[in-house]
Every structure is written in structure tokens, then in C-alpha cells.
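**Student:** So the protein sequences, as listed, match chains A and B.
So the mapping is simple: this note's numbering equals the position in the first sequence, first residue as 1, plus 1209.
So the mapping is simple: this note's numbering equals the position in the second sequence, first residue as 1, plus 19.
A single structure is presented below for examination.
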Amino acid sequence: MKEDWTLVIKPEKRLLDLDLKGIWRYRDLWYMYVKRDFVTFYKQTILGPLWFFIQPILTTIMYMFVFGGLAGISTDGAPQPLFYLSGIMLWNYFSDCFNGASGTFTANAGIFGKVYFPRLVVPLAALTSNLLKLLIQLILFILVYLYFVFTGTPLSLNATALLFPLLVLLTALHALSWGLIVSSFTSKYRDLKFLVSFGLQLFMYATPIIYPLSAASEKFRWALELNPLTPIFEAVKYGCLGCGSLSWGGLLYSTLFMTVTLFLSLILFNRVERNFMDTV
Amino acid sequence: MSPESDIAIRFDHVGKLYRLGQVGTGTLSNDLNRWWQTRILHREDPYMIVGEINDRAHKGSSDYVWALRDIDFEIRQGEVVGIIGKNGAGKSTLLKLLSRVTAPTTGEIRARGRIASLLEVGTGFHQEMTGRENIFMNGSILGMTRAEINRKLDEIVDFAGVERYLDTPVKRYSSGMIVRLGFAVAAFLEPDIMVVDEVLAVGDAEFQKKAIGKMQDVSRGNGRTVLFVSHNMAAVRSLCQRGIILENGRLSYDGDVDDAVDRYLQDAVTSGIDLPLSEMPRAGKTSGSVRFTGIEFLNRDGEPIQPTCGAFLRIRVTFEARIPVGRGHMSLEIHDLHKRPIIYFSSQFTQAERGFQLGEHSFTIDIEKLRLTEGDYRILLWSYFDGRVADFLDGTIPMSVDNGPFFAWGQNIPPHLRTSVLEDHTWQYDQP
């Protein structure tokens, strides 16, 4: 007897079953999710896509005023607008990806309850649409950068800047793994939701965004270095502004950290994916 | 026996356990206990043992309930199977398992071919996106590629009849248009196995007809396997060859669709539950001003009974005036299974024509001594108000009559008589 079933549904699944083939088959859905994010982002707004720029500009100005002006925190010699803007853009990318991934189950319960498709498509689409947003914002950054170049501010752009795509990828995967972990837990226990928005805010201050790592006192420096995002943010600023520090050891640590959490988060996601409709 | 490779879907001892009540602090302790028992002590899951049969009417002692238990069946390629059962019998759970929305607790489901599940119309529609964008969104959620959708776009738009509004956000659509658009996308999917839940319950009568027609094309023309859940017995009968009845999470009947539907309706009548007349299909053109909503068979004390030959029978029919109506009358006719009319009751014989206020009303027919012999019958109901047929149920209501002592000597009638009606009479041999 030939056993050529194309689908076998069992109560238990393997620990890690990524179904990459399935994700590839649903790549058009991935595309549609990204498209939906963009199409619906500026529907019924007057300024439309300009909002992609307005938000980081306003935040930068506010940071220049509060942290640069009032608090007088050093930017390690780099022009304040560039220093803050680069940090804000990368941080927004991280937190948007994280929020997108962590809402996978709760925000899509309606759809997941009716149709099957590889659930990973949703967080992956969130990473993609945020990446496009980041690329659009990069135009803004380049414009501001050119302004400073032409006004004669010394900026030491160096080869480390070529690492940028890899650093973005690393950020995305960090966001994905934490997002998946949170989404897996919040599908059943909503408590975490309250903790997370608060925790994310704290986490931002534990990452060198509005201050350089060098400004941290010796007493707390180790805590900042434990943060796997620290080497990424430092490397980005080092690459394009010449401030901060490039730490290969730190980047290696960050990558290892990401690999472990990503692995764990996928196992968790895999488990929850099967039955979350019963508990959501 | 068909060859193994002919089977499209196989359910093998499939069960699904649900936890009732809310997720709260208790959930965490149960989860920890379960993990401790099964993973560390390698015992059986403590909550799986206590699970009860799913009977919504009675409150059980356990928080866990089997929505489905030990479901076994096979469906061959090209078969069109209707799944029927009361609300809460497990129909939707079964479809959810097959659609992989949730996983079974026990057992195994195997399938051959691409499955498309249509548990809802217009899944993933976004209010802000246009009709066109939503066709692509919904289509890709259902597993179509963009190229496929592009190829079928004209047909989809045509079927839904929304060409003028194609580039208007869906939030400006009427609810009917959204339903039509959603169904149209799904109708042009080309899966090997199609799983359809109750989607035909939405939309107006004309659209329902169109939708059923489309489903018939899909199943007949292309030899596709279809699993269809519905309360609409006429739709089940016309679409499916085979019927499966679920009762409290278990499979109670599997066989020919006509038998399945009869059995289901029978159960609904004899278990004293109002037959859901409002869900039944209507014949011909009716104004709908007055609609029949329920029918019951009662004894003299108003308790539900099975009609019995020679005994008292009260037939109570409830109906709803959906607008205030003027003059009219109602009739009830009993047919045998060969559609031959046997008995006719009408308010025309006994009552003056009258009208009804908006709302629920009922009428009662009392029969002192039922003359029908043992067997199955059908009931027709119609109402005629303000010069038009208001409602017409064309023999879809089943009635089965038990054997009983009709004649004075107090014994049952011999079974399998050829006639359906008895007559009280005297018989004597004349002296020569």
C-alpha cells in the first residue's frame, strides 16, 4: 500500500518544524501583508507618506532640546542631529519589529481562527515593511548627512559603515526572537502585555541611543555591555559618524545571544501556533 | 472497496478536548500540573480522563469537554459530503481541525491534495483597502498566488458584481457587497479539497442561489472533494451525496445524504425540539410577510410526543408576522413519501379570514384520533395573506407516526399496511 499523503495532522509536532517550504509558497501573502501595511499607513491623511519623515524629525528635535540642551549629555563630538537621528531610526526599527512580531497572535486572532497559513509569514512581513520604512528614512538621514558634509563639519565615514546591512539584519532578528517569545506567552497569559510596553521603554534607555557608551560611568558600563543591542548601536555610530566604538567581541556576543534566543523563540512559537486558537 | 490511493481525507480516532471557562490564575496551575504529570512522571494527562461528552444543555462536573471524540471516517476523492448536526455538535470543530486552525488532542488526520477552507467569507478584508486590493489580500490568505488571482480577477469581479466599486475602499461597501466579494474570491480557488462552513447562510436569496450553483459546478464539474457544513437541509441535499451526522461530538450516522437529512430532521422533531422552520428553504415565490417558525407535536397536556396511530394529536405551529397583515388564511397538508396528499387542514374550513399584528403567533390543530398508520410522512405548510402567498414550506417537514391501537379491541395494527389511512367502522357478516 502506498502512503503518499500530502498532509498529516497529528496532536504532537516535532520540536522545531519551520515549514520553510510553506512560507515560500505563501510568499505572495507575505508581499500582500507588506503592501497592506503601506497602503493603510497613510490612507485618509493629508501629508501621506511624509509622515515617515515627520516622526523622526520631531523626535530628533525634541532630543536635541531635552538631552543635548537641557541635560547636556555628550554626543562624543558628533553633530547632535546625526547622532540622535541614527539612534532613533535604528531603535524605531527595533521596537516596530518587536511590536509587530509580538502582536502576531493577538492581533491576527480573527484571521488565524479561520484560515491556515504558515503563521511565521506575519512577523516576517512585519520585519519587511519596517525595513522598507527604515530605508525610506535612510534618505532623510543621508540628506542631513550631506548637509553637514557641505557645511564642512568633519565626519569620519569609514569602512565599518559597510557593515550596516548586517547590523540591521542582526537588529531585526533580535526583535523577531523577543517578539515571538512575547507573542507566544501573551496568547494565553495577557499579563505580559503590560510589562512589555513598560519594559521596552526602559530598554531604550539601557541602549546607547541618546548617549554614547563612553559617557557611561565605569560602575554601570558592564550592565550596558550586557545589552546585546549595545554593540550594534555603537558600531553603526562608529561607522558613519566616527564616534563610539567598534567592538568585534561585542558583536560576536550579540550574534550568539541572538542565535540562542531565536532558536528558543521558534520552538516556543511552534508549540503555541498549534493550539493557540483555543486559548486566545 | 476502493483502493487506498483513492482516499482524499481520513480521520483516525480524532478527538478534541476543550477547556471551559476563563483563562485565569487556575489555568497556570493546571498547565503546570499537566506538565508535571505527563512530562516528569510520565502519567496520563489528568485532564484528558475527566473530559466529558459535549452536551451543552447539562452542566457537567468537569471543566474539560470533548468537542469531538473518536471520529473515524474516510472520504474518497470527488465525494461531496455534508456534515450536519445541531449547534454545538462539533461540526465547526471538525472543520477547524481539517483546516489546521487548531490541532487535534488525539488521533490523526491525513489528507491528499491542497485544502482550501472557507470557514468565513472575506477573511482578512481590510476596511481601508479597495475592493481590488482586498481581492488580492483575501486570495493570498486563502493560498492563491498573485499570478493566479490576476488571471481570475475579471471572473471574480464579474461574479461578485462589484465592477463599479472596485477601486473604492471596502468600508464604503454595503454588507451584501462585502459578502459577495468574499465568496467570489473563494469560489475561484482551485483546491483539491474544499472545506465550506455555513457561508451560504449570509447574503440574500438570489445570492444564495448563485452560490449554491457555483458550488455545484465546483464539485460536479471538476471532481473535487467537498466537505460542506450547513443548517440548510435543502442545500445539503442538493449538493451532497453523502451525509455525516454529528451528535454531542460523536459521529452518529454516516451514509446516504437523504437518509442522513431525514434522520436529522426526525431527531429534531421527536426530541421535542422545535424544528427550525425558519432555516428551511422556501418553495416558489413568497412575500415573506408571514413566516412559519416552528412546529411541535403534543399530547393533550401540551407535552411533546411522537404522533401515534389512533391517539390524540395536537399540532402546534408558530409563525411570525413580519409586517402587520390583513385578511388571509393558512393550510397544513400531510403527504406520504410518494408525495401523495392524504389529509388537508385549512383555516378556510373553520375560520373567517383574518389579519395579524406584527410579532409571534401560533395556531393549534387538535385531532381526537389520528387516522394515519405507522410510517413516515411529510408536512406542507402555507399561508396566504393580502392576495399573495406569504410562506410555503413544500413538504420538507418530516413526521413519523408510531403504531398504536386504533380500533376498539385495543391492539396494535399489523405493521406494513399498504394504506396510510384507517377508518373507524363496523364490520359484520350478514346472515344468509
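Heads up, the beta-carbon is just placed ideally off N, CA and C, and yes, glycines get one too.
State the start and end residues of the unbroken alpha helix (DSSP H) segment that holds B/D320.
**Tutor:** Counting along the chain, B/D320 falls outside any alpha helix (DSSP H), and DSSP gives it neither H nor E.
**Student:** So, at 8 Å on beta carbons, what are the nonlocal neighbours of A/S1365 in its own chain, with the 5 sequence-adjacent residues on each side left out?
**Tutor:** The residues are L1450, G1451.
**Student:** Hey, is B/V120's beta-carbon within less than 8 Å of any beta-carbon in chain A?
**Tutor:** For B/V120, the answer is yes, since a Cβ of chain A falls inside 8 Å of its Cβ.
**Student:** Within 8 Å of any Cβ in chain A, is that where the Cβ of B/P123 sits?
**Tutor:** Yes, contact with chain A.
**Student:** How would you list, in chain order, the residues of chain C whose beta-carbon sits under 9 Å from the beta-carbon of A/G1277?
**Tutor:** Considering every chain present, this structure includes no chain C. Its protein chains are A and B.
**Student:** Going by DSSP in three states, B/P360 sits in which element: helix, strand or coil?
**Tutor:** In the structure shown, B/P360 sits in a strand (DSSP, three-state: E or B).
**Student:** Please tell me whether B/V100 and B/I263 are closer than 8 Å, where the distance is taken between their beta carbons.
**Tutor:** Their beta carbons are under 8 Å apart, which means B/V100 touches B/I263 by this criterion.
**Student:** Grab the span of the alpha helix (DSSP H) containing B/A122 for me, first residue to last.
**Tutor:** Run containing B/A122: none; DSSP gives neither H nor E here.
**Student:** When you compare only the Cα positions, how much space is there between B/P188 and A/I1419?
**Tutor:** Going from the Cα of B/P188 to the Cα of A/I1419 covers about 41 Å.
**Student:** From this set, A/Y1235, A/P1288, A/F1407, A/T1313, which residue's C-alpha is nearest A/F1485's C-alpha?
**Tutor:** Measuring from the Cα of A/F1485, the nearest candidate turns out to be A/T1313.
**Student:** If we count the other Cβ atoms within 10 Å of its Cβ and call it buried at 16 or more, is A/D1275 buried or exposed?
**Tutor:** Correcting the residue type first, residue 1275 of chain A is Val in the shown sequence and not Asp. The residue in question, A/V1275, is exposed, as its Cβ has fewer than 16 Cβ neighbours within 10 Å.
**Student:** Report yes if the CB atom of B/S136 is closer than 8 Å to the CB atom of A/Y1325, and no otherwise.
**Tutor:** Yes, the pair counts as a contact, with Cβ atoms nearer than the cut-off.
**Student:** Within its chain, find whatever has a CB closer than 8 Å to the CB of A/L1216; leave out the 5 residues flanking it on each side and keep chain order.
**Tutor:** Cβ within range, chain order: n/a, list empty.
**Student:** Where does B/K388 fall in DSSP's three states?
**Tutor:** Looking at B/K388 - three-state DSSP - the assignment turns out to be coil, as it is neither helix nor strand.
**Student:** If you run the structure through DSSP and keep just helix, strand and coil, what is A/L1465?
**Tutor:** Helix at A/L1465.
**Student:** Anything in the stretch 138-156 of chain B with a Cβ closer than 8 Å to a Cβ of chain A? List those residues in chain order, please.
**Tutor:** Of all residues in the stretch 138-156 of chain B, L138, E139, T142, G143, H145, E147, M148, E152, F155, M156 have a Cβ within less than 8 Å of some Cβ in chain A.
**Student:** When you compare the CB of B/T244 with every CB in chain A, is at least one pair closer than 8 Å?
**Tutor:** No, B/T244 lies away from the interface with chain A (no Cβ there is under 8 Å from its Cβ).
**Student:** Which residues of the stretch 313-343 of chain B have a Cβ closer than 8 Å to any Cβ of chain A? Give them in chain order.
**Tutor:** Under the 8 Å Cβ criterion, the stretch 313-343 of chain B contributes no residue.
**Student:** Is it buried or exposed for A/W1239, if we count other Cβ within 10 angstroms and need 16 for buried?
**Tutor:** That one is buried.
**Student:** Tell me whether A/A1384 is buried or exposed, calling it buried when 16 or more other Cβ atoms sit within 10 Å of its Cβ.
**Tutor:** With 16 or more Cβ atoms within 10 Å of its Cβ, A/A1384 is classed as buried.
**Student:** Between the stretch 389-404 of chain B and the stretch 341-353 of chain B, can you find at least three pairs of beta-carbon atoms closer than 8 Å?
**Tutor:** Yes, the stretch 341-353 of chain B is in contact with the stretch 389-404 of chain B.
**Student:** By Cβ distance, which residues of its chain are closer than 7 Å to A/P1290, with the 5 residues on each side in sequence left out?
**Tutor:** Result list for A/P1290: T1269, M1273, V1353, in chain order.
**Student:** Looking at B/E98: is its Cβ nearer than 8 Å to the Cβ of B/T244?
**Tutor:** Going by C-beta atoms, B/E98 is nearer than 8 Å to B/T244.
**Student:** Closest by CA to B/G126, which one among B/D31, B/G240, B/I154?
**Tutor:** Here the closest residue by C-alpha is B/D31.
**Student:** I'd like to check one pair, B/L161 with B/L208: are the Cβ atoms closer than 8 Å?
**Tutor:** Yes, the pair counts as a contact, with Cβ atoms nearer than the cut-off.
**Student:** Residues of chain A with CB closer than 9 Å to the CB of B/A130, please, in chain order.
**Tutor:** Under the 9 Å cutoff, chain A gives W1214, T1215, L1216, V1217, I1218.
**Student:** How would you label B/W446, buried or exposed, when you count the other beta carbons within 10 angstroms and need 16 or more for buried?
**Tutor:** Per the 10 Å Cβ criterion, exposed.
**Student:** List the endpoints of the continuous alpha helix (DSSP H) containing B/D177.
**Tutor:** Counting along the chain, the alpha helix (DSSP H) containing B/D177 begins and ends at 165-179.
**Student:** In this structure, how does DSSP classify B/R256 when only helix, strand and coil are distinguished?
**Tutor:** In this structure, B/R256 counts as helix in the three-state DSSP scheme.
**Student:** Please report how far the alpha carbon of B/G195 lies from the alpha carbon of A/A1334, in whole angstroms.
**Tutor:** Answer to the nearest angstrom: the Cα atoms are 31 Å apart.
**Student:** Comparing C-alpha positions only, which one of B/Q376, B/I398, B/I324, B/G150 sits nearest to B/Y184?
**Tutor:** Looking at the Cα atoms, B/G150 is the closest of the given residues.
**Student:** Let me know if A/W1233 comes out buried or exposed under the rule of 16 or more other beta-carbons within 10 Å of its beta-carbon.
**Tutor:** Exposed.
**Student:** Taking 8 Å as the threshold (beta carbon to beta carbon), is B/Y192 in contact with chain A?
**Tutor:** No, no contact with chain A.
**Student:** In the DSSP assignment, what residue or residues form a beta bridge with B/W401?
**Tutor:** Answer by DSSP bridge pairing, in chain order: B/S350, B/F411.
**Student:** So, does the CB of A/Y1325 fall closer than 8 Å to a CB anywhere in chain B?
**Tutor:** Chain B, which has a Cβ nearer than 8 Å to the Cβ of A/Y1325, makes this yes.
**Student:** Shorter than 8 Å from the beta carbon of B/V127 to some beta carbon of chain A?
**Tutor:** A small fix is needed here, since residue 127 of chain B is Glu in this sequence, not Val. Output row for B/E127: interface = yes.
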